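S.K.: The structure under discussion is supplied below as structure tokens; questions concerning it will follow.
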Amino acid sequence: MAIELWAGPECTVNRVGDRFHDQFSATSFANRLDNLDDLASLGIRKMRFPLIWERTEKSPGQYDWQWSDKALARLADLKVEPIVGLLHHGSGPAWTNLLDPAFPSLLAAYADAVAARYPHVRAWTPVNEPLTTARFSALYGMWYPHRADDASFVRALLNQIHATVLAMRAIRRHQPDAQLIQTEDLGFVTSSPKLQYQADFENLRRWLTFDLLSGRVGREHPMWQYLRTAGASEEELDALHADPCAPDILGINCYLTSERHLDERLWLYPSTCVGGNALHRYADVEA
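For the sequence shown, the positions run 304 to 590 when the numbering used here is used.
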């Protein structure tokens with residue numbers, strides 16, 4: 304198989320407090336269709352195409368398709384296949400969030416509307432990097448809804464996983480051959496000997512997006528007890544295990560900050576790097 308060149312503009316729309324940060328608009332990509340021509344000139348075959356929920360559903364059930372109609376038509380002319388993304392490090396429009404029990408069904412309803420309008424699209428990423436988004440939104444407290452506890456993290460992660468499953472079901476009602484292209488940051492963690500237990504835990508946790516979607520998280524899975532202790536019900540984990548929505552393609556994202564090192568010698572590092580768990584305080588730094 305020949306190697307293909309794919310592309311994708313940075314399209315994060317995340318929320319901090321009551322402000323939505325739209326990188327797709329900040330870079331002017333949303334206002335310039337000629338960017339698509341420039342990307343196509345590189346020889347790309349596929350492009351991650353942001354049809355982001357927060358940008359499109361302006362109020363419940365009311366959609367603005369003006370830009371996406373034009374952009375998808377241009378991609379078709381350029382013979383570039385879109386990989387449509389619906390949520391990119393966000394928590395949805397203002398009337399929902401990652402901890403909302405209705406979040407999965409709300410995203411699925413949006414996915415249904417998108418797929419009904421563009422039934423020719425075959426490649427989809429309903430939620431970009433669910434685990435990473437859950438970490439920054441509900442474990443580190445940096446993004447909305449700014450929680451910093453295991454229970455919120457697990458609920459935010461599972462809501463995104465359930466949303467992905469429901470979204471793909473909705474999409475496949477319009478396009479039975481739709482593929483799930485699932486992305487995630489798989490950074491590896493090393494540590495001092497004292498903190499090896501924490502590094503081991505994080506190196507298991509990093510697979511949860513793929514493992515949950517693929518039906519791998521049964522009672523023997525090393526993260527089962529952690530998920531249960533943090534509030535996941537047996538029923539929802541059993542349902543994901545019994546009826547998987549396995550990705551067709553895994554998108555493994557690598558960043559300069561993905562590789563981490565944990566060290567309890569706090570005096571060696573800036574205070575901004577210091578965090579910890581219930582047992583130890585430690586620095587968490589780029590490796």
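Every residue, glycine too, gets a C-beta built ideally from N, C-alpha and C. The structure displayed is predicted, hence computed values, not measured ones.
Select from T486, A437, F491, R351 the residue whose C-alpha is nearest the C-alpha of Q463.
M.R.: A437
S.K.: What is the DSSP secondary structure of N462, reduced to helix, strand or coil?
M.R.: helix
S.K.: According to DSSP, simplified to helix, strand and coil, what is S371?
M.R.: helix
S.K.: Since P550 and Q485 are thought to touch, with beta carbons under 8 Å apart, how far apart are those beta carbons, to the nearest angstrom?
M.R.: 4 Å
S.K.: I'd like the ranges of any alpha helix (DSSP H) spanning at least 4 consecutive residues and lying wholly in the stretch 399-429.
M.R.: Runs of the alpha helix (DSSP H) inside the stretch 399-429: 406-420.
S.K.: For a test of the three-state rule: what should DSSP assign to S561, helix, strand or coil?
M.R.: coil
S.K.: Please classify I474: is it buried, with 16 or more other beta-carbons within 10 angstroms of its beta-carbon, or exposed?
M.R.: buried
S.K.: Does the contact criterion of 3 or more C-beta pairs under 8 Å hold for the stretch 350-363 versus the stretch 314-324?
M.R.: yes
S.K.: DSSP puts V387 in a beta bridge; with which residues?
M.R.: F352, W427
S.K.: DSSP on F491, reduced to helix/strand/coil?
M.R.: coil
S.K.: Tell me the DSSP bridge mates of E357?
M.R.: Its beta-bridge partners do not exist; DSSP assigns none.
S.K.: On the three-state DSSP scale, how would you describe T486?
M.R.: strand
S.K.: Tell whether a beta-carbon distance below 8 Å holds between R563 and V492.
M.R.: yes
S.K.: Label L582 either buried or exposed according to how many other C-beta atoms from any shown protein chain fall within 10 Å of its C-beta, with 16 as the threshold for buried.
M.R.: It counts as exposed.
S.K.: Would you list the one or two residues that DSSP bridges to G554?
M.R.: T486
S.K.: According to DSSP, which residues form a beta bridge with D587?
M.R.: L565
S.K.: Could you name the residues of the same chain whose beta carbon sits closer than 6 Å to that of T399, not counting the 5 residues immediately before and after it, in chain order?
M.R.: The answer, listed in chain order, is F406, L409.
S.K.: Are the stretch 530-538 and the stretch 450-461 touching, with three or more C-beta to C-beta distances below 8 Å?
M.R.: yes
S.K.: Helix, strand or coil, according to DSSP, for N338 in the structure here?
M.R.: helix
S.K.: Would you list the one or two residues that DSSP bridges to G579?
M.R.: R584
S.K.: So which of R519, V520, F513, V417 has the shortest CA-CA distance to Q478?
M.R.: V417
S.K.: Assign S344 to one of three DSSP states: helix, strand, or coil.
M.R.: coil
S.K.: Under the assumption that G320 contacts Y447 (Cβ atoms under 8 Å), give the Cβ distance between them as a whole number of angstroms.
M.R.: 7 Å
S.K.: DSSP puts V316 in a beta bridge; with which residues?
M.R.: D325
S.K.: Quick one: grab the DSSP three-state call for Q623.
M.R.: The displayed coordinates of the chain run from 304 to 590. Any statement about residue 623 would go beyond what the structure contains.
S.K.: Buried or exposed for N431, please, with buried defined as at least 16 other CB atoms from any protein chain shown within 10 angstroms of its CB.
M.R.: buried
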